[in-house]
Structures are given as C-alpha cells and as structure tokens.
Ligand code: ATP
Ligand code: MG
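Residue numbers (the working numbering): 566 to 1006.
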C-alpha cells in the first residue's frame, strides 16, 4: 500500500515510543480498491496525551473520543487511540468510549468489514473480519451481528446504502435483512447525520441505490416524499416510468453537483398530489412544479440544509419545466427571469429531466433545448441587461427628471427593463429618459 510521507512518519515516531500505529478504515479500503483515499486516518495504542506529546504541531480535535489531529507539512492526519464504544443511549452517540491497547477491539467496533481493516508497513494488512474477501465479492457486510450493530447506531443502516452507492456494491443478505428490520430506528437519528449520508448517496456513482433504501423501508422514515413518488404512475405518452423511477434516472443523468442533484430529487415531488386524469385516461399534473417546490423547501428544511441551499433548490424546482421557445427574444426573457448565474444550471436540469422521459418527449424537447442552448451561448457574453442593476437608468435619474418618489419609480423602471430585455440596443440613458412618458403607463 502506498502511504503518504506524513502518515509514515507518524507511524514511525509512535513505533519508536513502543506504540502500535496503523492506517485504518476508509483509506485501507480505498487503497485496496485502487481508489485514491480522501484522507488517511491512523489508529494507535498511544493515549491522546501521548500523541500530543510526540508531535510539535497538533490540534486536540476530540480528546474525549481519543482523536488528535497531527499536522505534517501541508497535510493533517487524525490520530485516534484504539477504543471500545460504550453503550449507545439514543442510537447516536456512545455514552462513553474506553481506550484499549488492542487493535482487534478497535476494529470490532467499526461498522462494515470493508471498513474494519488496518495496515502498517511493518505488519502489512490486518483483516480480522474478511474485509478483503468482501471487497472481492463486492458486498457490504456488518461486522458481527448486523441487527445488534444497527441497534447500537441506526445511522449505520443508511451508511450501508451509502457505501453500496459509492462503491456499486450489494448488501450481504443478513445485513440487508437487518436494515429492513431495524429501519424504524432511523426516526431517532439526527437530521444532520441523515442529511450528510443522503447527500453522499445523491452525489455517488450510483444514486439509484436510493431505490434500495425505499425497498427496504428506510426512506419512509427520512424522505417519505420519495415513497409517494414511487407509488405514482404516469399514464402519459411523455413518460415511460413512474415518478420515482423517472426521478432516479434524472438524478443519474445530472452532473454530481449538490444543488442540481437535489433539484432532480424533488423536481416532480408535487406530482403525487396534483395528478388528474382526462376523459381519455391520460394523466396530467397541472401546477406540479409549484407543489414540488413547496415540498422540496419543506423537506430540505426538515433535513437541516442551509437556507441558501433550500432557496436555490426551491427556485430551480419551481422553474424546472418552464418551456423556452428557441428565439432570441424568448431566451433573453428567460435569462432575465431565471438569472444569468443560474441559467446553465437551469439548462442542465432540463436536459437531465428530458433524458429520463419517453422517446417521444426526448425527440420533441431535446432539439428545442439544444437550440435554446445555442442562443444562450450567443447571449451570455454580451454585456446586456437582464436585471434592474444592469439598466442604464436608476431611480435617481427618474427623480432628477421630476418623477415623484414612491411606487411610480419602481413601475417605470420595471417597464423599462421589460422593454430593454426585448430591445437590448435601447439600454441607453438618453433614449430611455427621452421616452419616459411611454414607460409610465
Ligand atoms: P469516507 O471516504 O466517506 O470518509 P470512511 O470509511 O472514511 O469513508 P468515515 O465516515 O470517515 O468513513 O468513517 C471512518 C471510519 O470510522 C469508517 O471506515 C469506519 O471504520 C468507522 N466508522 C465511522 N462511522 C461509524 C459508525 N457510525 N459506526 C461504526 N463505525 C464507524
Ligand atoms: Mg473518512
């Protein structure tokens, strides 16, 4: 296994003091898979105090849990004392942790076999639970008795799905069964922890594993909106899938961006409650975009997403289906409405949506969308006016021309803006003020 210089130094320094030290967890798993580890965690028999005293640059990150961050050059490493987790009071945090001199004890408390391996240059791989075998078999298997492990910390249920989504692995039979049986405990897991795992699922190579979470009865405890989507069929020539499967495909067709994938997750969440049939038996979902946006806002707030994320996703969901006809004027109006900064995301969302509809819809809409995209490319670099801040005239100019302070000013400015969006070459102070009277109607 290739080890960064800093990690090797830490292990060597601790070894010279007679302490055991190993790389553990995610980095060992990723290295065996030939993936680049995101960080390198070290576990040691040394106590936190001993670790602090061994290295000149340290941060006492989580002494209670045994974690010290050691800085080496530009890198930092979390060095955690071997520990046994005490009893879990609330499916969340161990009430206490006990330090132990035993690596085996430390590995036993870890969630899955593929996450419970250790490595040191001197001893090589330490694999007590068959992690390597499970990497080969591409399986997520709990360490020990799955049900008991999920009873200790129910977040592990969602972590199982998360690792299966990131790695493209299947859940081992007993582990899968335990996920379903203990799912109800997710109710007691904090929204923040659920949010972080959900986001990792959505941003993974296999976001469609969310269906697994649904099938095992997990989503009903943290994302019941998705259960409704899975239960809503679409009897329309524009779709070939139910709302849930269409949504999963659309997430997969979207780039790995937080805002965009969240937008895809919720873009049709309003369909279950807006579904109607016409006399021919065709399903319609009138006004679903607004319903979807409201549902997205509520769900994201419940999951403790930051306000900025909630607002951005709300806006994009609300406008996800806005049809822009491919003419210069319509595209300029759309840019003004959606906003220049957001416009690329808007196009991306429409594309992911269309790619997940029926063949008929794809042919109709993709041609339109690519024409709109071309027009956008032509527009975007022009220094044109798409908002009041770009208008050549402001409130003070109007006051100077004798317009009275008050609502009249806003009305005139907005009329001017509308005109200028359609006639960009007229965004000139002289022209606009000369035609003032025509904008005050
Ligand atoms: P990532 O690449 O996402 O960081 P990771 O495997 O490092 O993946 P972390 O959440 O950073 O995952 O956790 C580090 C290690 O700590 C895991 O590999 C696992 O051994 C252990 N671990 C983390 N959370 C839990 C938990 N809730 N229960 C048991 N062990 C856990
Ligand atoms: Mg990690």
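Glycine residues also receive a C-beta, built at the ideal position from the N, C-alpha and C atoms. The structure presented is a predicted model; accordingly, all values stated were derived computationally and were not measured.
Put simply, of 632, 648, 672 the residue whose alpha carbon is nearest the alpha carbon of residue 641 is 632.
Counting only heavy atoms of the ligand ATP, the residues whose C-beta sits closer than 5 Å to one of them are, along the chain, 590, 591, 603, 675, 676, 680, 718. The Cβ atoms of residue 925 and residue 803 lie closer than 8 Å to each other. Within 7 Å of the C-beta of residue 822 there is not a single heavy atom belonging to the ligand MG. Closest in alpha carbon position to residue 867, among 834, 851, 932, 788, is 788. Ranking 854, 597, 722 by CA distance to the CA of residue 886 puts 854 first.
Counting other Cβ atoms within 10 Å of its Cβ, residue 714 reaches 16 or more and is therefore classed as buried. In the DSSP assignment, residue 689 falls within the unbroken beta strand (DSSP E) covering 689 to 691.
The alpha-carbon separation between residue 831 and residue 795 amounts to approximately 12 Å. A heavy atom of the ligand MG is found nearer than 7 Å to the CB of residue 606.
A straight line joining the alpha-carbon of residue 730 with that of residue 763 spans about 10 Å. Pairing residue 759 with residue 723, the inter-Cα distance amounts to about 8 Å. Fully enclosed beta strand (DSSP E) runs of no fewer than 3 residues are not present anywhere in the region 819 to 875. Here the alpha carbons of residue 973 and residue 772 stand approximately 51 Å from one another.
Here residue 669 is not near residue 636, since their CB atoms are 8 Å or more apart. The straight-line gap separating the alpha-carbon atoms of residue 988 and residue 945 is approximately 16 Å.
Within the model, the alpha-carbon separation for residue 970 versus residue 959 is close to 12 Å. With respect to the 8 Å criterion, residue 825 and residue 913 are classified as neighbours on the basis of their beta carbons.
A buried status is given to residue 915, since no fewer than 16 other beta-carbon atoms sit within 10 Å of its beta-carbon. Secondary structure at residue 924: helix, using DSSP grouped into helix, strand and coil. The region 950 to 966 makes contact with the region 895 to 913; the number of CB pairs closer than 8 Å reaches 3 or more.
Residue 647 is classed as buried because its beta carbon has at least 16 other beta carbons within 10 Å across all chains shown.
Collapsing the DSSP output to three states places residue 606 in a strand. Rounded to whole angstroms, residue 572 and residue 673 show a C-alpha spacing of 23 Å. Contact between residue 712 and residue 751 does not hold, since the beta-carbon distance rounds to 14 Å and is not under 8 Å.
In summary, residue 888 is exposed, with fewer than 16 beta-carbon neighbours lying within 10 Å of its beta-carbon over all protein chains present.
In this chain, the alpha helix (DSSP H) harbouring residue 725 covers 720 to 732. By the CB criterion at 8 Å, residue 686 and residue 610 fall outside the cutoff. Residue 664 sits in a strand when the DSSP states are folded into three classes.
Using a Cβ distance threshold of 8 Å, residue 918 and residue 815 count as a contacting pair. The three-state reading of DSSP puts residue 736 in strand, counting E and B together. As computed with DSSP, residue 707 is found in a beta bridge with 677. Along the length of the region 758 to 784, whole alpha helix (DSSP H) runs at least 4 residues long occupy 775 to 780, reported in chain order. By alpha-carbon distance to residue 808, the top candidate from 848, 628, 927 is 848. Residue burial annotation: residue 938 is buried, with at least 16 other C-beta atoms found within 10 angstroms of its C-beta.
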